[in-house]
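In UniProt numbering, the protein residues as written are 1 to 64.
Just so you know, even glycine gets a beta-carbon here, dropped at the ideal spot from N, CA and C.
Owing to the predicted nature of the structure, the values given are computational and were not obtained by experimental measurement.
Quick notes on the structure that follows.
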C-alpha cells in the first residue's frame, strides 16, 4: 500500500501529454521540492466535456 500523508491540488491545469518530468518540474517550481508521502493532483488541460474528471472535480478550473 502506498502511504499518502498529504494531498495538494493544483489550481492551474497541466497538459498531461507533457509527461511526468514536466509535472515534477511544476511541483518543484511551486513548492521548492517534491515532498515524500505527498500526492500532487493536476486537472488535465485537455479535458473534454462530460469526461470522468468532471465527476471527480465538479468545480474544476477552466482556462480561457
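Would you mind sorting residue i into buried or exposed? The rule is 16 or more other CB atoms within 10 Å of its CB.
i: residue 43; result: buried
Helix, strand or coil for residue i, going by three-state DSSP, please let me know.
i: residue 34; result: coil
i: residue 11; result: coil
i: residue 1; result: coil
Write down the C-beta distance between residue i and residue j rounded to the nearest angstrom, noting that I regard them as a contact closer than 8 Å.
i: residue 34; j: residue 27; result: 5 Å
i: residue 14; j: residue 45; result: 6 Å
Going by the DSSP bridge assignment, what does residue i pair with across the sheet?
i: residue 41; result: 9
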